[in-house]
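A short worksheet on the structure shown next.
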Amino acid sequence: MRHSDLEKTFGKDAVATIAASHVLLVGAGGVGCEMLKNLVLLGFGKITVLDLDTVDLSNLNRQFLFGHEHIKQPKSLVAKATAQKFNPHVEITSHLANIITDPRFTVSWYKGFDVVYNALDNLEARRHVNRMCLTADVPLVESGTTGFLGQTQVILAGKTECVDCVLKETPKSFPICTIRSTPSQPVHTVVWAKSFLFVQLFGNDLDLGEMDESEASKEELNTLKKETAELLELRDVIAKPEFGKNVFCKIFGTDIARQAEHNVDNGREKPDPQSWDDLEGLAKHLDGAQIAKSRAQNVWSREEAFSVFLDATKRLQTRFNNGETLEFDKDDEDTLDFVVAAATLFATVHHVTTKSKFDLKQIAGNIIPAIATTNAMIAALAVQQGVWQLTKPERARDYYIARRGGGVFFSVAKPAPPSSACVTSTAARVVISCNFEQTKLSDLVTWVSDFFPKEELAVLSNQLIYDVDFDDNLERTLADLGVKERSFVTIMDDSDDDTKLRNVEIYFEPRSEGSVEDKIVAITPIPTVATYTVEKPAEDEEDEEDEELQVSDTSKRGFSEIDSVVILDEEPSKVVKVGEEDVKKTVQVEDVEEVVLLD
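Mapped onto this note's numbering, the consecutive letters of the sequence shown carry residue numbers 43 to 641.
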């Protein structure tokens, strides 16, 4: 009786297939918790869930498999225990592990699953799982959410787009002169506090990863280097009680006074140096620790930020002196309080709008608040796609909840074919094993030549290790070149021919225990390598603006390729009749709230 409703929905054969399947869920966060619940309730026979993180207090408002009693416990283990109660007949295996580095997770391991579900918030891990699933030829259902927006994508080797087919947005960098001298937005003050001040005072190395020196003048860079040297000198007295006072007086007093003195009259207000004596008197009745805890939703006054700054500096000072390595973490209250207080003071000094701790935490952690309902929608759609892959693969669809104009679209599209420009999805693949201590690079090049008939080829691991002009490594062993188990090597056509061979990706599977085979052994069939024609750049061709309506930043596809669109709009509005030809040109989503079906 347990599966009677499922049998009515999917059919007896489909339910039996689901019950006999083994699926992998990578990630047990907001989307992952919802997915695991759905997988268990649908009766998937075996589920392996993997996550690297532990439960944090901030997770509890949207990750419903966790409670207060689970804080600091591994997410994968808690998720397994909670979900198991929904359906004791499902076999769940959990791993607290890193999907990228753990040596257990080989291509052979991936091949043991019927479907892999990605519920990750980490691009590096997503790309790794994508590559492993393509190599193992296992269906991957990719998913993710950003606030009210989200997507699911079915990835099938050689048939659909993969994670790498669509260019990802380059992380935003900020000109260092803007950050230091003329901040105008709250994000500028947060980047300064997080990536500049915090790192110089408490980090191991100076890391200005979010800053760009290209627009800074020589004078500005010299001033910055001088201020940096002075800050690093303060680290020599970090054990002394007056450390917090010294930092404040230098950063918000001396340095700001220097900037004000050299300020160019460009219509901006001059920065306002802060006085230690004045603020100490105004803030003497305040409790910085209490403010940080109880007023997270409020914008702090200058005096409150001063009090929290000193209190957080003391906390970090103690941890640093105890030998702890300090890195910013949005869930580490000490580092967060320091960054928020410093950013608030820096904003006050430069007459920039200040925000609450809650708002600045989102900026500092690059967070867009997670919405539980979005997670639930995307998780349900993703799990459904896994069901179709097991029972009716021709029904594969990609789903997008995407913003356009003033509204939000819910769109459904058939999976797009692999991008011809994507070296990941178009590569041929083969899995091999060998003795790394005895196999030379020349042996690998000779073995590859049987199915990659190009003399001008290049071999890359983490770097170039061979081409026709760089043959120094041919007699070195693979082990000597850093090629090892669970690594990839890429073979590229390095010729100038108009017709070239696609890349070949070779994955090195660990040898079976006790193996004495010294030769290269192909574990999967030798691939047939496709060719492509090199496109020559057109001369004097003007770029035409793409008029296609972009449904989402991920798909980059127009409405002509979309099965149906639901337009979600919070504002009361009228229904607009939209024809197919009109949709291809433009849609005023602000004026639409009903369903528009495109046949």
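Each residue gets a CB set at the ideal place from its N, CA and C atoms; glycine is no exception.
Within the same chain, show all residues whose beta-carbon is closer than 7 Å to that of valine 91, passing over the 5 residues directly before and after it, in chain order.
Position 49 of the sequence shown holds residue 91. Annotation for valine 91: Leu67, Ala70, Leu78, Ser118, Ala121, Lys122, Ile134, Ser136 place their beta carbon closer than 7 Å to its own, counting only its chain and skipping 5 residues before and after.
Could you give the distance in angstroms between the alpha-carbon of leucine 642 and the alpha-carbon of threonine 202?
Outside the shown range of the chain (43 to 641) lies residue 642, about which nothing can therefore be said.
Grab the span of the beta strand (DSSP E) containing glycine 449 for me, first residue to last.
Reading the sequence shown from its first residue, position 407 is the one you call residue 449. Unbroken beta strand (DSSP E) run through glycine 449: 449-455.
Closest by CA to glutamine 227, which one among Ala444, Met174, Leu402?
Position 185 of the sequence shown, counting from 1, holds the residue named residue 227. When only C-alpha atoms are compared, the closest one is Leu402.
Can you grab the Cα-Cα spacing for the pair proline 569 / phenylalanine 493, in whole Å?
Residue 569 sits at position 527 when you count from the first residue of the sequence shown. Residue 493 sits at position 451 when you count from the first residue of the sequence shown. Answer to the nearest angstrom: the Cα atoms are 7 Å apart.
Quick check on the DSSP output: the alpha helix (DSSP H) that includes histidine 170 runs from which residue to which?
Position 128 of the sequence shown, counted from the start, is the residue given in the question as residue 170. Counting along the chain, the alpha helix (DSSP H) containing histidine 170 begins and ends at 165-178.
Tell me the DSSP secondary structure of glycine 192 in three-state form.
Counting from 1 along the sequence shown, the entry for residue 192 is found at position 150. Three-state DSSP puts glycine 192 in a strand.
Can you grab the Cα-Cα spacing for the pair glutamate 255 / alanine 412, in whole Å?
Looking up residue 255 in the sequence shown gives position 213. Looking up residue 412 in the sequence shown gives position 370. Because glutamate 255 sits at a pLDDT of 47, beneath the cut-off of 50, its placement in the model cannot be relied upon, and the point is left open.
Opposing strand residues paired with alanine 444 [DSSP bridges]:
Here the question's residue 444 lines up with position 402 in the sequence shown. Assignment of beta-bridge partners to alanine 444 by DSSP yields Phe451.
CB-CB under 7 Å to threonine 575, same chain, minus the five flanking residues each way: which ones, in chain order?
On the sequence shown, position 533 is the one that residue 575 refers to. Only Asp540, Thr541 meet the Cβ criterion.
Spatial distance of lysine 312 from isoleucine 420 (CA atoms)
Residue mapping note: residue 312 aligns to position 270 of the sequence shown, counting from 1. Residue mapping note: residue 420 aligns to position 378 of the sequence shown, counting from 1. C-alpha of lysine 312 to C-alpha of isoleucine 420: approximately 49 Å in a straight line.
In its own chain, which residues sit with a C-beta less than 6 Å from the C-beta of glutamate 613, not counting the 5 before and 5 after it?
Here residue 613 corresponds to residue number 571 of the sequence shown, with the count starting at 1. With a pLDDT of 39 at glutamate 613, under the threshold of 50, the modelled position of that residue is not reliable, and the figure given next carries that caveat. Non-local C-beta neighbours of glutamate 613 in its own chain, meaning closer than 6 Å and more than five positions away in sequence, are absent.
Contact between the segment 175-193 and the segment 442-456: three or more CB pairs below 8 Å?
The segment 175-193 makes contact with the segment 442-456: 3 or more CB pairs, one atom from each, lie closer than 8 Å.
Paired residues, beta bridge with lysine 88 - DSSP
Position 46 of the sequence shown, counted from the first residue, corresponds to residue 88. Looking at the DSSP assignment, lysine 88 forms a beta bridge with His64, Glu133.
Just to check my reading of the structure: alanine 470 and valine 571 have Cβ atoms closer than 8 Å, yes? What is that Cβ distance to the nearest angstrom?
Position 428 of the sequence shown, counted from the start, is the residue given in the question as residue 470. Position 529 of the sequence shown, counted from the start, is the residue given in the question as residue 571. Yes, alanine 470 and valine 571 are in contact; Cβ-Cβ is about 5 Å, under 8 Å.
Within a Cβ cutoff of 7 Å, which residues of the same chain sit near phenylalanine 128, ignoring the five residues on either side of it in sequence?
Walking along the sequence shown from the start, residue 128 turns up at place 86. Contacts found: Lys79, Val82, Leu83.
Once the 5 residues before and after phenylalanine 52 are set aside, which same chain residues still bring their CB inside 8 Å of it?
Indexing the sequence shown from 1 puts residue 52 at position 10. Non-local beta-carbon contacts of phenylalanine 52 in its own chain, meaning distances under 8 Å to residues more than five positions away in sequence, involve Ile60, Val429, Thr433 in chain order.
Might you give, ordered along the chain, the residues of its own chain that have their beta carbon closer than 6 Å to the beta carbon of threonine 396, omitting 5 neighbours on each side?
In the sequence shown, the residue the question calls residue 396 occupies position 354. Excluding residues within five positions, the ones whose Cβ falls inside 6 Å are Val341, Thr386, Ala389.
Ends of the alpha helix (DSSP H) at lysine 50?
Mapped onto the sequence shown, residue 50 falls at position 8. Unbroken alpha helix (DSSP H) run through lysine 50: 46-52.
Please classify histidine 110 as buried or exposed, where buried requires at least 16 other C-beta atoms within 10 Å of its C-beta.
Numbered from 1 along the sequence shown, position 68 holds the residue referred to as residue 110. Exposed is the call here.
Along the alpha helix (DSSP H) that carries leucine 402, what are the first and last residues, could you check?
The residue given as residue 402 occupies position 360 in the sequence shown. In the DSSP assignment, leucine 402 falls within the alpha helix (DSSP H) that extends over 399-406.
Could you spell out where the alpha helix (DSSP H) holding threonine 124 opens and where it closes?
Counted from its first residue, the sequence shown places residue 124 at position 82. Run containing threonine 124: 117-126, per the alpha helix (DSSP H) assignment.
Measure how close the beta-carbons of valine 180 and valine 205 come, nearest whole angstrom, since I'm counting them as under 8 Å.
Taking the sequence shown and counting its residues from 1, one reaches residue 180 at position 138. Taking the sequence shown and counting its residues from 1, one reaches residue 205 at position 163. Not quite, the Cβ-Cβ distance comes to about 14 Å (not below 8 Å), so this is no contact.
At 3 residues or longer, and completely inside the segment 504-587: list those beta strand (DSSP E) runs for me, N to C.
Within the segment 504-587, the complete beta strand (DSSP E) runs of at least 3 residues are 506-508, 530-535, 541-543, 546-550, 573-575.
Between Glu166, Glu76, Asp98, which has its C-alpha nearest threonine 124's C-alpha?
By 1-based counting over the sequence shown, the position of residue 124 is 82. Nearest Cα to threonine 124 within the set Glu166, Glu76, Asp98: Glu76.
Less than 8 Å separating the beta-carbons of threonine 96 and glutamine 115?
Residue 96 sits at position 54 when you count from the first residue of the sequence shown. Residue 115 sits at position 73 when you count from the first residue of the sequence shown. Yes; because the gap between Cβ atoms is below 8 Å, this pair is in contact.
Report yes if the CB atom of phenylalanine 362 is closer than 8 Å to the CB atom of phenylalanine 244, and no otherwise.
Along the sequence shown, read from residue 1 onward, the residue named residue 362 stands at position 320. Along the sequence shown, read from residue 1 onward, the residue named residue 244 stands at position 202. Contact annotation: phenylalanine 362 and phenylalanine 244 have beta-carbon atoms nearer than 8 Å.
Given a threshold of 16 other Cβ atoms within 10 Å of its Cβ, counted over all protein chains shown, does glutamate 517 qualify as buried or as exposed?
Here the question's residue 517 lines up with position 475 in the sequence shown. Counting Cβ neighbours within 10 Å, glutamate 517 comes out exposed, since fewer than 16 surround it.
Residue range of the alpha helix (DSSP H) that includes isoleucine 474:
On the sequence shown, residue 474 is found 432 positions in, with the first residue counted as 1. Following the DSSP letters along the chain, one finds isoleucine 474 in no alpha helix (DSSP H) but inside the beta strand (DSSP E) bounded by residues 470-475.
Per DSSP, cross-strand counterpart(s) of asparagine 160:
On the sequence shown, residue 160 is found 118 positions in, with the first residue counted as 1. By DSSP's assignment, asparagine 160 forms a beta bridge with Val68, Glu184.
Aspartate 93 - DSSP class collapsed to helix/strand/coil
As a working mapping, residue 93 is identified with position 51 in the sequence shown. Reduced to three states, the DSSP call for aspartate 93 is strand.
What residues in its chain sit with their C-beta under 6 Å from that of valine 510, if we drop five residues either side in the sequence?
Walking along the sequence shown from the start, residue 510 turns up at place 468. Same-chain partners within the cutoff: Glu498.
Opening and closing residue of the alpha helix (DSSP H) in which leucine 378 lies
By 1-based counting over the sequence shown, the position of residue 378 is 336. Membership of leucine 378 in the alpha helix (DSSP H) is indicated by the continuous run 375-391.
Taking glycine 407 as the reference, which of Val381, Thr566, Phe238 has the closest Cα?
Against the sequence shown, residue 407 aligns to sequence position 365. When the alpha-carbon of glycine 407 is set against those of Val381, Thr566, Phe238, the nearest one is in Val381.
Kindly indicate which residue of Thr367, Ala338, Val391 has the alpha-carbon position closest to the one of phenylalanine 400.
As a first step, residue 400 must be located in the sequence shown, where it is residue number 358. Selected option, being the one with the closest Cα: Ala338.
Between which two residues does the alpha helix (DSSP H) holding leucine 432 run?
In the sequence shown, the residue the question calls residue 432 occupies position 390. Looking at the DSSP string, the run of the alpha helix (DSSP H) that includes leucine 432 is 414-433.
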